[in-house]
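Residue numbers (the numbering used here): 6 to 171.
Think of the CB as a built atom: it goes at the ideal place given N, C-alpha and C, for glycine as much as any other residue.
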Ligand SMILES: [Zn+2]
Ligand SMILES: [Zn+2]
Ligand SMILES: [Zn+2]
């Protein structure tokens, strides 16, 4: 999906932009933006709902989700998927990147596009397939977990793939 990328970096115009998309400017939407402006790194939509509920227990999850969708269309957010298919949002995304997730310890890391360039180019050549790097999440084992485990046993996969939407 092509995201219309604004020269994001400020939340000041977002109010007018939301209005232009037919969303009313309400105290709840203002609060959602406050929560997002205070958020860094990767965050799931349920974490955002939780943070909103800490400020206002009356937060309606559907309002939060709808606002997140529109903010993504406007380029203020970008979602990726964890290895379990869960959506994770990046607030004010700067550079496109994929993710590596360790199946043992559950940690994840950002993967630079150039690290995936061999795979991306190979798929383009062999299948004419254009890879969306921001949707590239690779599961495996991190070097620490491999070093720590004395017996090279095959870890059981704890991930279930339930991709909700693309
Ligand atoms: Zn690990
Ligand atoms: Zn990321
Ligand atoms: Zn997706």
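Review point. Can you give the beta carbon distance from residue 95 to residue 79, rounded, assuming they're within the 8 Å contact cut?
Key: About 14 Å separates the two Cβ atoms, so there is no contact after all.
Review point. Can we say the segment 110-129 touches the segment 62-70, given the rule of at least three CB pairs closer than 8 Å?
Key: At 8 Å Cβ cutoff, the stretches do not touch.
Practice item. Could you give the DSSP three-state label for residue 104: helix, strand or coil? Key: Residue 104: strand per DSSP, three-state reduction.
Exercise for review: Compute every distance between the C-beta of residue 126 and the non-hydrogen atoms of ligand 1, then say whether any falls below 7 Å.
Suggested key: Outside the cutoff, so no.
Check your understanding: What's the gap between the Cα of residue 30 and the Cα of residue 99?
Key -> 26 Å
Review point. For residue 99, does the three-state DSSP call read helix, strand or coil?
Key: coil
Practice item. Can you grab the Cα-Cα spacing for the pair residue 116 / residue 49, in whole Å? Key: 19 Å
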